[in-house]
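Trainee:
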DNA sequence: TTGACATATAACCAAAAGGTGTTATATTAT
DNA sequence: ATAATATAACACCTTTTGGTTATATGTCAA
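Residue numbers (this note's numbering), protein chains in the order written: chain A, 1008 to 1094; chain B, 1008 to 1094.
1) Starting from the C-beta of residue 1042 of chain B, find all residues in its chain whose C-beta is less than 6 Å away, skip the five residues before and the five after it, and write them out in chain order.
2) Please report the distance separating the alpha-carbon of residue 1078 of chain B from that of residue 1047 of chain B.
3) Just list the residues that DSSP pairs residue 1076 of chain B with in beta bridges.
4) Which whole-angstrom value describes the C-beta separation of residue 1023 of chain B and residue 1055 of chain B, a residue pair presumed to lie in contact below a C-beta threshold of 8 Å?
5) Three-state secondary structure (DSSP) at residue 1045 of chain B?
6) Looking only at C-alpha atoms, which of A:1039, A:1089, A:1081 sits nearest to residue 1138 of chain A?
7) Have a look at residue 1034 of chain A and residue 1019 of chain B and give me their C-alpha separation to the nearest angstrom.
8) Under a Cβ-count criterion, where at least 16 other Cβ atoms within 10 Å of its own Cβ denotes burial, should residue 1088 of chain B be classed as buried or exposed?
9) Comparing alpha-carbon positions, which option in A:1037, A:1092, A:1026, A:1060 lies nearest residue 1072 of chain A?
10) Can you give me the Cβ contacts of residue 1032 of chain B inside the same chain, cut-off strictly under 7 Å, excluding the 5 residues immediately before and after it?
11) Which first and last residues belong to the alpha helix (DSSP H) in which residue 1018 of chain A is found?
12) Would you mind sorting residue 1076 of chain B into buried or exposed? The rule is 16 or more other CB atoms within 10 Å of its CB.
13) Residue 1080 of chain A CB to nearest chain B CB: under 8 Å?
14) Give the straight-line distance between the Cα atoms of residue 1082 of chain A and residue 1063 of chain A, rounded to the nearest whole angstrom.
15) Got a sec: is the Cβ-Cβ distance from residue 1016 of chain A to anything in chain B below 8 Å?
16) Give me the Cα-Cα distance between residue 1059 of chain B and residue 1015 of chain B, rounded to the nearest whole angstrom.
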């Protein structure tokens, strides 16, 4: 799970990660709140968030003992541009 | 390679498969011609084509001893629609 | 009819993906 | 000070992915 290993196409390939992005579109959320929405462990959700942050789709800021994740949809334009070829 | 249909998001996650789609955007091609463009074996390319066809992004028609693949970009609209949420 | 060609199929492999549970560390509330 | 909370960091496991090679089958050309 290194710094530039995951690209945006890979990041959005997983349905759980797409749902995470949807959640964060509405509001910033800590890991615990995000993992409440999924039937998997908090550890697994944290890994998904790490992959999303490698793709620069989210950032996490420390607030007290929580880590609050924020959506950054900008990298999705790469997908958009790739798709535009087929319209 | 499961019998379960591959999702279009998963299909386009792989860079080789995205390149295959680009090639087929210009012209229909048999497997052998497609695999000329990649440093991997013909078998590997055939597997990628199988995944793309599970996602309904390509179809293959038998012509003599060749199998000619054709692009069908329609399923990409699912990605387009998913992306539109973030614009 | 024989040989070359195009693809299919099968067995196999290493690495990555997606998950688990446990333990450690930092922060907050009592 | 202690207990509870939130996350991080491991170690570990199973399945999937992306690739290989070898062999079989069907088609075309000489």
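We put the CB at the ideal spot given by N, CA and C, even for glycine.
Mentor: Quick answer:
1) 1049, 1052
2) 21 Å
3) B:1036, B:1067
4) 6 Å
5) coil
6) The displayed coordinates of chain A run from 1008 to 1094. Any statement about residue 1138 of chain A would go beyond what the structure contains.
7) 28 Å
8) exposed
9) A:1037
10) 1078
11) 1015 to 1018
12) buried
13) yes
14) 7 Å
15) yes
16) 8 Å
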